[in-house]
Structure formats: C-alpha cells, structure tokens
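Colleague: With the first letter of the sequence shown counted as 1, position 391 gets the number 387 in my numbering; the numbers rise by one all the way through. We put the CB at the ideal spot given by N, CA and C, even for glycine.
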Amino acid sequence: MTIYLRTALASTLIFSLQGCGSYAKLKILGPNKTLGNVASAEPLGETDANSKAVPMAISLASFKTNIYQPILIPYCTSCHQTTFASSDIAAAHSAFLARVDLTKFDGVDKSLPVVKMKQGHNCWDATAKTCVTTMTDKMSLWLADLAKGGFTPTVSTYANLSSEVAMATTGIPTSLPIPDDYSAAGIDKAMLAAPFTKDSNDIDGPIKTYATSPIATVALAKANNAQAITFTLNAKSAGTYFVWARVKTPTSASKQFFVQANGKDTVPFLLPVTGSEWKWFQVMKTVNKVEGPYSFVAAAGAQSIKILFSQGGTSINQVVITTRSDFNGELFSTPYYDVSVPLTIPGVTGASLIATVWQNSTDVGKKSIGVKHLKISSPVPLHIKGIYPLLNGAYNANQSSYKQIDAVAGGTDATKSFITSPDDAAAIWLADYAADKLSFGFDVLEVAK
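1) How many Å lie between Ala405 and Ala422 at the Cα?
2) Quick check: the Cα distance between Thr193 and Phe227, rounded to an integer number of angstroms?
3) Ignoring anything shorter than 4 residues or poking outside the segment 117 to 188, list the alpha helix (DSSP H) runs there in chain order.
4) So Phe323 and Gln278 are in contact, right, with Cβ under 8 Å, and what is the actual spacing, rounded?
5) Hey, could you find the ends of the alpha helix (DSSP H) Pro70 is sitting in?
6) In terms of DSSP beta bridges, what is Ile380 paired with?
7) Between the alpha carbons of Ala351 and Gly407, how many angstroms are there, rounded?
8) Note the first and the last residue of the continuous beta strand (DSSP E) segment covering Ile446.
9) Along the chain, which unbroken stretches of the alpha helix (DSSP H) at least 4 residues long are found entirely within the segment 285 to 315?
10) Could you give the residue range of the beta strand (DSSP E) that holds Ile350?
11) Excluding sequence positions up to five away, which residues of its chain have a Cβ less than 8 Å from the Cβ of Thr247?
12) Please report the distance separating the alpha-carbon of Leu188 from that of Leu304.
13) Ser364 lies in the beta strand (DSSP E); which residues open and close that run?
14) Would you grab the beta carbon distance between Ser306 and Pro264 for me? Rounded to a whole angstrom, and I think it's under 8 Å.
15) Got a sec, what are the start and stop residues for the alpha helix (DSSP H) Phe253 sits in?
16) Take Asn258 as the anchor and find which of Ile341, Ala298 and Leu108 has the nearest alpha-carbon.
17) Assign Cys75 to one of two classes, buried (16 or more other C-beta atoms within 10 Å of its C-beta) or exposed (fewer than that).
18) According to DSSP, simplified to helix, strand and coil, what is Thr99?
19) Going by the CB atoms, is the gap between Thr73 and Ala81 shorter than 8 Å?
20) Under the criterion of a Cβ to heavy atom distance below 7 Å, does Thr416 qualify as lining the ligand MN?
21) Determine, for Ile54, whether the minimum Cβ-Cβ distance to residues of chain B falls below 8 Å.
22) Indicate whether Tyr71 and Thr170 have their beta-carbon atoms separated by less than 8 Å.
23) Among all the DSSP beta bridges, which residues are the ones paired with Ile424?
24) Measure how close the beta-carbons of Leu349 and Ser158 come, nearest whole angstrom, since I'm counting them as under 8 Å.
25) Gln514 by DSSP, collapsed to three states: which one?
26) What separation, rounded to the nearest whole angstrom, lies between the Cα atoms of Ala241 and Phe92?
27) Are the segment 335 to 348 and the segment 141 to 161 touching by the rule of at least three beta carbon pairs closer than 8 Å?
28) Count the other CB atoms, across all protein chains shown, that sit within 10 Å of the CB of Trp120; report buried if there are 16 or more and exposed otherwise.
29) My understanding is that Leu387 touches Trp354, with C-beta atoms under 8 Å, so please give their C-beta distance in whole angstroms.
30) State the start and end residues of the unbroken beta strand (DSSP E) segment that holds Ser336.
31) In the DSSP output, which residue or residues are listed as bridge partners for Asp195?
32) Among Thr150, Lys144 and Ile69, which has the Cα closest to the Cα of Ser102?
33) Throw me the rounded Cβ distance for the Ser427 and Leu378 pair, which I believe falls under 8 Å.
34) Are Gly389 and Ala155 closer than 8 Å when you measure CB to CB?
35) From what residue to what residue does the beta strand (DSSP E) around Lys244 run?
This is the structure we're talking about:
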C-alpha cells in the first residue's frame, strides 16, 4: 500500500515541537552506502554512543553566556517560555540540546536555531540576515567551548545516497495540472489590435510577455471593440464564471481597464496601484453603489474575453476564468521546475527522484524553495522508506517529516509515480535554487517486492 504524507509547511515543524527524549541515528550496516538497503534506525540516548558525552557543566555555562541571556530570554519567552526560553535555565538548556541534536549534526548553518532565523522566525531585527549572523556567531562560540571540553558533534551519515545535481542547471520548466474549473490564457495566446503592443522587458512568471498601450483606447460610452486584446478561453463545463487578470498598474493615472465577456456588458474595473509589481485581481462590478465580483453565465466551450483600456500605461499578462471563489493565482504565475536526481539501485537503470519546485524567496538571508511534490521515475516500482533531502550534502531538520514516508512508487503506471500527493500543500525548504545542489539519502531504497 502506498502511503502519502502531507508535506505542508506546518508539518515541517514536527521536529521543533518534540520534547526531550531519545534520538535516532542511522547505523550503516554495509561498507557501500549506495548499495541496497543498508541502513537501520538505532535509538540512542542524549549522547552519541560513538563519541564522548556532552560536557554538561561547560555546555550549560556557555549556553547561558552566549545564547540564553543575550538572545533567548530577551526575544523568545513570549512563545517558548516552557522550553528553551524557560526561566529554569537547566530545563531551557535541555530543550535547546534536544533541538540542536548533536548526534546528527551538519554544521551551525543547518542547525535548527539558525534555520529558524533564516525563516524570519522570532527575528528581533528588521533583517533576517542580522539575526542569522548573530545566532550563527553565538552558537559557534558555544560549540567552541564544547570542543575545549573534548566534545565534537557527530557528523551525519546517510545511506542509499543518490547522485547530487545542481538545481538551477538541471531544473526543467514545468507546469502543474490546471483543474477543470479553471481556464487560463496568456498574452502569448491573445490577439492584439492597435494601439496595443507586446513586450517582455519587465515581467516575471512562466509567460514572459505582456501587453500594454501608451494611450487611452476607450471610454465606457464609446467602447471600440476593434481596439482590444482578445482572449479565447475554453470553459470545460457550463456555469457562472468569475474573471481574474494579472496586471501591473504603475501610477494612479494608469490603473483602469474595461472587461467584456462574449460581446455583452462592458464592465469598468478600477485597480489599485501596484507600482513595479505584477498582481492578480478579480474583476469587480458595482451595482447600485455596491461592489461585488463580476460574473457571466456561459455554456461549455469557447469564451471570448476582451480587454479594453481606459487609461494608457496599464499592463496585462494573463486572464483566467473560473467557477471557483477561492482563486489560486500561483498555478498560473509561478515558474515551476522539475529537478531530477538520479538514483543508484542494483539492477535498475534510469531511476530518478523528481522534485517539483519553485523559488519561494530570493531575499538575502531568507532564500528558500517551495516543493510541491516528490515523484519517482523508474521502469519498475520502488519501495522507498525514510527520505533525507540533502542540500549541498547537508540535511535540514525542518524536513524531518519526510523521514516518516513509507511508499511504493514508480513503474509504468504514471498515476503511481507520486511519493507525496500532488493535492497536498507544498513544503518550504531553505535553499538557494540558483546556487545549491540537491541529493537524497534513504533508509530503504529497493525494488518493490
């Protein structure tokens, strides 16, 4: 039976919500980490059986000086006063050790306290970068004191390692399946009449063109349908449809256009100023001084949507019609990429794990990718248990939910390729798509029996 694991952002907090207790460490059972099923979980206590115990007195004193007093007590007590920001410093110290997990350590940069700073969690400064630097420096001082006491964290090891790929150079542009209750069209598929022109010098998203007009083209009382952008969209079923448009409105003098569906009412739509940003807006209509969503009733089949600008300078990139009230513009404006990571499995050729991702944030100190789903491409079904996403060879505890996966995926049936369900919410990984490399380790990676 295939088990799908929800990988919503909330689920990535599983590790941080666990209390003290035993840790788990991978025990390598064979000399070659890439061959077959060679790993098992070995429960450990608070110290690593293969290294010296944490010098608790040294750790507590350094924790108090470097982390507890300057960071945790001033900034973290409102949310974490029962754990690592407790007024009981011994309890706070124990909780902090549990979260850092020195038995499976990939460096300060990948430790949970620093990862949380990168996410802007409990940031006490205006910029995440400052908080990341501060936490990194303070934790480094604490670890240096542990080293003076003869303790070194255990470096992580992972079984059944995949190849490592650079995401930006191997990622292939892809798109998510569009639900039947949506129909979308970009400017690349629209018909433009003068004075509208296409351009591509200032646009993000998967459709790299937009349309604009330098001059006003219509007044409501004198709508000239010849001066229009015409989209033809296919409604898969009859229903009442709402209209959304992805636009950019630079100034208060360029923020209005008219919408006409199937040659009927011409509806004025006044937009807020977006400046340099592209944003989705729903077309609204005012009736008896009350504004509400504009809609039109349509039979299944081709629908004509015309855009007529009343003010020059407004730009438009896409139009969507949908029967849904909970519109999701990310389906149409986010560039997605399939990052294919080759797998090494005895007797199997051409197997790979594919992560469908997008750049969630490119801000300094908060760079992250969204991961919509994971799936397997393989000529035969594979049994996969316990996945460890590795970024530049290091595992991030925020991806701990993937360790719970136990699934059979792959083979000739494309519907059985997904490890995580495509219908679930996405996960967020702290990674730089443009620079980082991705690989995976597995507790079990084998041909399904």
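Modeller: Let me spell this out:
1) Approximately 19 Å, taken between the alpha carbons.
2) Roughly 15 Å between the two C-alpha positions.
3) Counting only runs that start and end inside the segment 117 to 188, the alpha helix (DSSP H) elements of at least 4 residues fall at 124 to 144 and 163 to 166.
4) About 7 Å separates the beta carbon of Phe323 from that of Gln278, a gap short enough to meet the 8 Å contact definition.
5) Boundaries of the alpha helix (DSSP H) around Pro70: Ile69 to His76.
6) Ala403 and Leu441, per the DSSP bridge assignment.
7) Using only the alpha carbons, I get a separation of about 17 Å.
8) Residue coverage of the chain in this structure runs from -3 to 445, which leaves residue 446 outside it and unanswerable.
9) Qualifying alpha helix (DSSP H) stretches: none in this window.
10) Element bounds for Ile350: Ser348 to Ser357.
11) Cβ neighbours of Thr247 beyond the five flanking positions: Val269 and Gly309.
12) Computed Cα separation, rounded: 11 Å.
13) Where Ser364 is concerned, the enclosing beta strand (DSSP E) starts and stops at Ser364 to Ser373.
14) Rounded to whole angstroms, the Cβ separation of Ser306 and Pro264 is 7 Å, and the two are in contact under 8 Å.
15) Run containing Phe253: none in the alpha helix (DSSP H); it sits in the beta strand (DSSP E), Gln252 to Ala257.
16) Closest by alpha carbon: Ala298.
17) So Cys75 ends up on the exposed side.
18) Correct three-state label for Thr99: coil.
19) In contact: Ala81 and Thr73 (Cβ atoms closer than 8 Å).
20) The ligand content of the structure shown is nil, which means the ligand MN is not present either.
21) Absent here is chain B; the protein component of the structure consists of one chain.
22) It is not a contact, given that the beta carbons lie outside the stated cut-off.
23) Beta-bridge pairing links Ile424 to Gly366.
24) Right, their Cβ atoms sit about 7 Å apart.
25) Because residue 514 is not part of the residues shown, which for the chain are -3 to 445, the question remains open.
26) About 48 Å.
27) With the cut-off at 8 Å, the segment 335 to 348 and the segment 141 to 161 touch.
28) The residue in question, Trp120, is exposed, as its Cβ has fewer than 16 Cβ neighbours within 10 Å.
29) Leu387 to Trp354, Cβ: 16 Å. No contact.
30) Run containing Ser336: Tyr332 to Pro338, per the beta strand (DSSP E) assignment.
31) Asp195 is bridged to Tyr206.
32) According to the sequence displayed, residue 102 carries Asp and not Ser. Taking the Cα of Asp102 as reference, the smallest distance to any Cα among Thr150, Lys144 and Ile69 is reached at Thr150.
33) Correcting the residue type first, residue 427 is Ala in the shown sequence and not Ser. Under the criterion of beta carbons closer than 8 Å, Ala427 and Leu378 do not qualify as touching, at roughly 24 Å.
34) No, they are not a contact pair.
35) Segment Gly235 to Lys244, the beta strand (DSSP E) holding Lys244.
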